[in-house]
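First comes the structure, then the notes that go with it.
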Amino acid sequence: KAGVTQTPRYLIKTRGQQVTLSCSPISGHRSVSWYQQTPGQGLQFLFEYFSETQRNKGNFPGRFSGRQFSNSRSEMNVSTLELGDSALYLCASSRSAELSYEQYFGPGTRLTVT
Amino acid sequence: AQTVTQSQPEMSVQEAETVTLSCTYDTSESDYYLFWYKQPPSRQMILVIRQEAYKQQNATENRFSVNFQKAAKSFSLKISDSQLGDAAMYFCAYRSLTGANSKLTFGKGITLSVRP
Chain A
98 KAGVTQTPRY
108 LIKTRGQQVT
118 LSCSPISGHR
128 SVSWYQQTPG
138 QGLQFLFEYF
148 SETQRNKGNF
158 PGRFSGRQFS
168 NSRSEMNVST
178 LELGDSALYL
188 CASSRSAELS
198 YEQYFGPGTR
208 LTVT
Chain B
8 AQTVTQSQPE
18 MSVQEAETVT
28 LSCTYDTSES
38 DYYLFWYKQP
48 PSRQMILVIR
58 QEAYKQQNAT
68 ENRFSVNFQK
78 AAKSFSLKIS
88 DSQLGDAAMY
98 FCAYRSLTGA
108 NSKLTFGKGI
118 TLSVRP
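Going down the list, the protein sequences come from chains A and B.
Per this note's numbering: the first sequence = residues 98 to 211.
Per this note's numbering: the second sequence = residues 8 to 123.
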């Protein structure tokens, strides 16, 4: 069974641009969560989607948004990029939204903002 | 809000020895999950072990075991017979069972190196 895939793996953008990251969950998984990982702040929760609906959102500005498609694939978008948005963005999928289910992480997308 | 604290940023262990990674958390809830995740240099985060707060018995997965002290809000990971492949960053994480919030709250992580 294929794991969680994220594309692209690496991305370089300049300040003010916008970026879209993609996450394909494990087949059969319907819940997708996004996390931002930086050396200073560690791992922080961005948002979670289940069945195309955003269930939870972390404490990030409105420049960070996401969506989920009917096939459970998810995208996150960051508009008006800032230097501080440079991070590893991790996607995690889970079979359902039930809290007992394990989250499986993808390899991440390394975003560098210059 | 829940917080997770990993106070040791780095640790080192000799191959075949045992090492314990510390984690404390703060919560007012009585039911929750605790996790240890491993993130090797390749960056793929994988689950090492999980503990349900309502279970008194400490979780064990092969060479990995936890010491869960609910009253003290402590959740340490013991790695026995350390192997070179255990070198990675280890994160302690908390998940609430209240409401529909399935987010993971992570500690800052600890970098474990294994000396041959």
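Glycine is no exception: its CB is placed at the ideal position from the N, C-alpha and C atoms.
Against chain A, does residue i count as a neighbour if the rule is that its beta carbon must be under 9 Å from one of theirs?
i         : result
Leu91(B)  : no
Thr10(B)  : no
Lys115(B) : yes
Thr118(B) : no
Tyr101(B) : no
Tyr97(B)  : no
Thr27(B)  : no
Lys110(B) : yes
Could one say the Cβ of residue i lies closer than 9 Å to chain B's Cβ atoms, at least one of them?
i         : result
Glu149(A) : no
Gln141(A) : yes
Tyr132(A) : yes
Gly155(A) : yes
Glu172(A) : no
Gly100(A) : yes
Below 8 Å on the Cβ atoms is my contact criterion, and I expect residue i with residue j to pass it. Report the Cβ-Cβ distance as a whole number of Å.
i         : j         : result
Thr31(B)  : Ser81(B)  : 5 Å
Asn210(A) : Arg112(A) : Note that residue 210(A) corresponds to Val in the displayed sequence, not to Asn. The pair is a contact, with the Cβ atoms about 6 Å apart (cut-off 8 Å).
Tyr201(A) : Val101(A) : 6 Å
Ala94(B)  : Leu54(B)  : No, Ala94(B) and Leu54(B) are not in contact; Cβ-Cβ is about 18 Å, not under 8 Å.
Gln13(B)  : Gly116(B) : 6 Å
Can you find a CB in chain E that lies within less than 9 Å of the CB of residue i?
i        : result
Tyr32(B) : In summary, chain E is missing from the structure at hand, where the protein chains are A and B.
Would you mind working out which of the options sits nearest residue i, comparing C-alpha positions?
i         : options                                    : result
Leu91(B)  : Gln15(B), Gln9(B), Val121(B), Trp43(B)     : Val121(B)
Ser148(A) : Gln138(A), Gly155(A), Phe157(A), Arg127(A) : Arg127(A)
Ser119(A) : Ala189(A), Thr150(A), Gly159(A), Gly125(A) : Ala189(A)
Leu185(A) : Gln165(A), Pro158(A), Ser171(A), Phe142(A) : Phe142(A)
Phe71(B)  : Gln58(B), Ala79(B), Ala78(B)               : Gln58(B)
Pro16(B)  : Pro136(A), Ile123(A), Leu108(A)            : Pro136(A)
Thr105(B) : Phe113(B), Val20(B), Glu36(B)              : Glu36(B)
Asn74(B)  : Gln9(B), Ala23(B), Met18(B), Ser29(B)      : Ser29(B)
Asn168(A) : Ile123(A), Ala99(A), Ile109(A), Lys110(A)  : Ile123(A)
Exercise for review: Using a Cβ-Cβ cut-off of less than 8 Å, give me the residues of the stretch 49 to 71 of chain B that come near chain A, in sequence order.
Suggested key: Per Cβ criterion, the list reads Ser49, Arg50, Gln51, Met52, Ile53, Leu54, Arg57.
Check your understanding: Going along the chain, which residues of the stretch 179 to 206 of chain A sit with their C-beta nearer than 9 Å to a C-beta in chain B?
Key -> Per Cβ criterion, the list reads Leu185, Leu187, Ala189, Ser191, Ala194, Glu195, Leu196, Ser197, Tyr198, Glu199, Gln200, Tyr201, Phe202, Gly203, Pro204, Gly205.
Practice item. With 8 Å as the limit, tell me which residues of the stretch 102 to 130 of chain A have their beta carbon closer than that to any beta carbon of chain B; keep them in chain order. Key: So the list reads Ser128, Ser130, given in the order they occur along the chain.
Exercise for review: Counting only runs of 3+ residues fully inside the stretch 31 to 72 of chain B, write out the beta strand (DSSP E) ranges in chain order.
Suggested key: Counting whole runs of 3 or more residues, the stretch 31 to 72 of chain B contains the beta strand (DSSP E) stretches 31 to 33, 39 to 46, 53 to 59.
Exercise for review: Return the chain-ordered ranges of every beta strand (DSSP E) run that is complete within the stretch 129 to 165 of chain A and spans a minimum of 3 residues.
Suggested key: The stretch 129 to 165 of chain A contains these whole beta strand (DSSP E) runs: 139 to 147, 150 to 154, 161 to 165.
Check your understanding: What are the complete beta strand (DSSP E) segments, minimum 3 residues, inside the stretch 163 to 191 of chain A?
Key -> Counting only runs of 3 or more, we get 171 to 175, 184 to 191.
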